[in-house]
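Contents: one structure, followed by commentary.
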Amino acid sequence: QQQVKQSPQSLIVQKGGISIINCAYENTAFDYFPWYQQFPGKGPALLIAIRPDVSEKKEGRFTISFNKSAKQFSLHIMDSQPGDSATYFCAASTMSGGSNYKLTFGKGTLLTVNP
Amino acid sequence: DAGVTQSPTHLIKTRGQQVTLRCSPKSGHDTVSWYQQALGQGPQFIFQYYEEEERQRGNFPDRFSGHQFPNYSSELNVNALLLGDSALYLCASSAAGTIAKNIQYFGAGTRLSVL
């Protein structure tokens, strides 16, 4: 059972454009939603994260939008740059039910930003 | 401040063999989680160690086992290797007794190839 569904699978954006990646979750106990960025040959690096008590969080060019009622959240990358080209993973976790904040990941989005 | 370090970087084994992967958590962290990332997929949770005990386990067979040492470092052991065990194995660390207990930082991973 895939608890976090991520789309699109791949995305091509022009330099300066906006990249948007969407995720939907099923488990209403999730209470922490991070986004990770992964470059080839590297481990995932935490990019930005949000809790369900806020609807939006912005850090520089990266913004998370969160819709609790729809059980959806998205990552917006403003002014996308070629250096942003990487695979992006959404994830979710909870402390409840003994989960101890294990991360459940989406399948990833390969972002390519053309110069 | 050293981040999460994993060794070895790459490993080639044959079917039926056993392998041990190692992880040193980020300074100040006491919890280690292991994930398996197949090619083109998101990381899948294997298990988590805290206070030298396995605290939670994902949907992986008993061939996968682990250990945590008093200095919080950890090992992942896989017995009777199958071709399907070929993947990037990621270690993530976090600090259980802090407000940031849900934030996990990843190492660069160990690429395991089973021939």
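From first to last, the protein sequence lines are chains A and B. Residue 313 in this note's numbering sits at position 41 of the first sequence; the count goes up by one each step and never skips. Residue 392 in this note's numbering sits at position 109 of the second sequence; the count goes up by one each step and never skips. By construction, the Cβ of each residue, glycine as well, lies at the ideal position given by its N, Cα and C atoms. Since this is a predicted model, take the numbers as computed values, not measurements.
Legend entry - the segment 324 to 336 of chain A touching the segment 275 to 283 of chain A, judged by at least three CB pairs closer than 8 Å: no
Legend entry - Through-space distance from B:L322 to B:D313, alpha-carbon basis: Against the second sequence, residue 313 of chain B aligns to sequence position 30. Against the second sequence, residue 322 of chain B aligns to sequence position 39. Taking the straight line from one Cα to the other gives about 29 Å.
Legend entry - Buried versus exposed call for B:L398 [16 or more other C-beta atoms within 10 Å across all chains shown]: Position 115 of the second sequence, counting from 1, holds the residue named residue 398 of chain B. B:L398 comes out exposed.
Legend entry - Same chain only: Cβ atoms within 8 Å of A:G339, ignoring 5 sequence neighbours per side: Position 67 of the first sequence, counting from 1, holds the residue named residue 339 of chain A. Before going further, note that residue 339 of chain A is Asn rather than Gly in the sequence given. Only S327 and F345 meet the Cβ criterion.
Inset, instruction - List the endpoints of the continuous beta strand (DSSP E) containing A:H348. - result: Taking the first sequence and counting its residues from 1, one reaches residue 348 of chain A at position 76. Run containing A:H348: Q344 to I349, per the beta strand (DSSP E) assignment.
Inset, instruction - Can you give me the start and stop residues for the beta strand (DSSP E) that B:G349 sits inside? - result: For the purposes of this step, residue 349 of chain B is identified with residue 66 of the second sequence, where counting begins at 1. F347 to Q351 is the extent of the beta strand (DSSP E) around B:G349.
Inset, instruction - Since I believe B:S376 is in contact with B:Y388 (beta carbons under 8 Å), could you give me their beta-carbon distance rounded to a whole number of angstroms? - result: To locate residue 388 of chain B, count along the second sequence from 1; it is residue 105. To locate residue 376 of chain B, count along the second sequence from 1; it is residue 93. The pair is a contact, with the Cβ atoms about 6 Å apart (cut-off 8 Å).
Inset, instruction - In the DSSP assignment, find the unbroken beta strand (DSSP E) run with B:A383 in it and report its ends. - result: The count along the second sequence starts at 1 and reaches residue 383 of chain B at position 100. Premise fails: B:A383 is in no beta strand (DSSP E) and is neither H nor E.
Inset, instruction - Indicate the three-state DSSP secondary structure (helix, strand or coil) for A:I306 in the structure shown. - result: Sequence index remark: in the first sequence, residue 306 of chain A carries index 34 (1-based). In the sequence as presented, Ile is not what sits at residue 306 of chain A; that position holds Pro. In the structure shown, A:P306 sits in a strand (DSSP, three-state: E or B).
Legend entry - Proximity below 8 Å, CB of A:T359 to CB of A:T381: Taking the first sequence and counting its residues from 1, the one referred to as residue 359 of chain A is at position 87. Taking the first sequence and counting its residues from 1, the one referred to as residue 381 of chain A is at position 109. Yes. Within cutoff.
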